[in-house]
Amino acid sequence: MHAFRIDVTELLVQLSALGKRLTIGATAVLTAAVAAVVVAQSPAGAHGSVTDPPSRNYGCWARWGSDHLNPNMAQTDPMCAQAWQANPDTMWNWNGLYREGVAGNHQAAIPDGQLCSGGRTQNGRYASLDTVGNWVAATKPNNFTLTLTDAAQHGADYLRIYITKQGFDPTTQPLTWASLELVNTTGRYAPAGQYQAQVNAGSRTGRHVIYTIWQASHLDQSYYLCSDVIFTGGTGPTDSASASASPSRSTSPSASASPSRSTSVPPGGCAASYAKTSEWSGGFGATVTVTAGANPINGWTVKLTWANGQTITSYWNATVTSAGGVSTATNVNYNGKLGAGASTTFGFNGAWTGTNTAPAVSCTAS
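Okay, so the sequence shown: first residue is 1 according to the UniProt record's numbering, each after it adds one.
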């Protein structure tokens, strides 16, 4: 039986207004009652989303949920910044982007230009996800495993996975049904915490949108999920991501204010290249691309040696430690294994004073 859902924020606002007219004791009783309802309905509010490659709002929640008031977001992650500004509930409810009663008629229910918001479902809560622009994108080979995390274990009648056609530019064009090509329709999944499906992007290269429809099994409940990716053209396997509070936060490389530095790729080894993606007074953002050599690797470690005293203040898609002017980044559990010639990325924000030259970069494979 599907538990009922309530708008907790609206209920608390009404409670606050009512509390002004009640005694303290009566208000406390009502508050306790609301808390009990919230706890009781929590499992119904726990749904799911694509977590690898991350859906737009899941990625924004993962990158900024603990720091969503950081003014640097507007420069380092502007698409997430506009989403947080439009409606923070887009991220706090990253696992609730669904419609009910569609009966499989997805194209009839979801208009062009509104695919990423599920047709402005939930009273437009997710409308900002339809905004056209340079969303953070995960780097993927052309054959990889997509992971959908289902915290409520609803099960799935199917996953239907589309990719934009070559030549479509999601940074300048709204997403439409005609811009998509269906690449995989799965069978049923028994209720579980995660569902995985293989994705073959064919000969696509560059930036694309992966559009996943998850048809849940417990109700006629359809989820509509946009994930931004950059295809490298390689065919190496990727490690499937596990759902966590700090999942992949890869950025798409862009023109940098300083030249990238990279090492050559030894057989069975790895190379790393650095690109500064943004810079502001006292701060900067950067992306490092790690590429495997002629043989697959199981893990990697990248060292960045700074000449001007720069420090890393936050990071994603890697674990970073710093000492004596050297920052050491190691893979996390979902991006260590790379096929021959395959790549992955990690990123960070940093602080600088005076001069901000590119670091010397080295990569060691395991």
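By construction, the Cβ of each residue, glycine as well, lies at the ideal position given by its N, Cα and C atoms.
With distance defined between alpha-carbon atoms, name the residue in the options nearest to residue i.
i: Tyr-334; options: Ala-138, Arg-120, Asn-134, Ala-74; result: Ala-138
i: Trp-352; options: Gly-282, Asn-331, Asn-200, Arg-120; result: Gly-282
i: Pro-78; options: Tyr-58, Thr-131, Cys-270, Ala-190; result: Thr-131
i: Lys-303; options: Thr-147, Val-288, Asn-317, Trp-316; result: Val-288
i: Leu-175; options: Gly-233, Ile-110, Ala-197; result: Ile-110
i: Ala-201; options: Leu-146, Leu-219, Gly-155; result: Leu-146
i: Phe-144; options: Val-290, Val-326, Pro-53; result: Pro-53
i: Thr-121; options: Val-102, Val-136, Gly-133, Asn-134; result: Val-102
With a threshold of 16 other CB atoms inside 10 Å of the CB of residue i, please say whether the residue is buried or exposed.
i: Leu-115; result: buried
i: Pro-71; result: exposed
i: Ala-83; result: buried
i: Trp-177; result: exposed
i: Asp-67; result: exposed
i: Gly-118; result: buried
i: Thr-305; result: exposed
i: Arg-204; result: buried
i: residue 373; result: This structure cannot speak to residue 373, because the chain is shown only from 1 to 366.
i: Gln-310; result: buried
i: Lys-165; result: exposed
i: Ala-190; result: exposed
i: Ala-108; result: exposed
i: Thr-112; result: Before going further, note that residue 112 is Asp rather than Thr in the sequence given. By the 10 Å Cβ count, Asp-112 comes out exposed.
i: Gly-350; result: buried
i: Thr-355; result: exposed
i: Asn-123; result: exposed
Quick one: give me the first and last residue of the beta strand (DSSP E) that residue i is part of.
i: Trp-92; result: Not the beta strand (DSSP E): Trp-92 falls in the alpha helix (DSSP H), residues 89 to 92.
i: Gly-206; result: 206 to 216
i: Gln-85; result: Looking at the DSSP string, Gln-85 is not in any beta strand (DSSP E); the run it does join, the alpha helix (DSSP H), is 78 to 86.
i: Gln-221; result: 221 to 231
i: Phe-144; result: 143 to 150
i: Ala-360; result: 360 to 365
i: Trp-300; result: 300 to 305
Identify whether residue i lies in helix, strand or coil by the three-state DSSP scheme.
i: Pro-54; result: strand
i: Arg-63; result: helix
i: Gln-310; result: coil
i: Ala-108; result: helix
i: Gln-14; result: Low local confidence applies: a pLDDT of 43 at Gln-14 is under 50, so the model's placement there is unreliable, and no value is given.
i: Leu-115; result: helix
i: Leu-182; result: strand
i: Trp-177; result: helix
i: Leu-30; result: Only weak support exists for where Leu-30 lies, its pLDDT of 43 falling under 50; the value from the coordinates is given anyway. Here Leu-30 sits in helix by DSSP.
i: Asp-157; result: strand
i: Leu-129; result: helix
i: Ala-272; result: strand
i: Ala-340; result: coil
i: Val-38; result: A caution first: Val-38 carries a pLDDT of 36, below 50, which makes its placement in the model too unreliable to give a value.
i: Ala-74; result: helix
i: Gly-101; result: coil
Taking Cβ to Cβ, would you say residue i is nearer than 8 angstroms to residue j?
i: Arg-160; j: Ile-210; result: no
i: residue 379; j: Gly-299; result: Here the chain comprises residues numbered 1 to 366, so residue 379 is not present and cannot be evaluated.
i: Thr-185; j: Tyr-158; result: yes
i: residue 402; j: His-106; result: Outside the modelled stretch of the chain, which goes from 1 to 366, sits residue 402, for which no answer is possible.
i: Thr-172; j: Thr-51; result: no
i: Ala-272; j: Ser-362; result: yes
i: Gln-153; j: Gly-193; result: yes
i: Asn-57; j: Tyr-162; result: no
i: Phe-284; j: Trp-316; result: no
i: Ala-307; j: Thr-357; result: yes
i: Ala-292; j: Gly-336; result: no
i: Ala-156; j: Arg-188; result: yes
i: Asn-87; j: Ser-55; result: no
i: Ser-49; j: Trp-92; result: no
i: residue 368; j: Pro-141; result: Only positions 1 to 366 of the chain appear in the structure, and residue 368 is not among them; the question remains open.
i: Ala-81; j: Met-73; result: yes
i: Val-183; j: His-208; result: no
What are the boundary residues of the alpha helix (DSSP H) that includes residue i?
i: Gly-124; result: 121 to 124
i: Ala-294; result: Here Ala-294 belongs to no alpha helix (DSSP H), and DSSP marks it neither H nor E.
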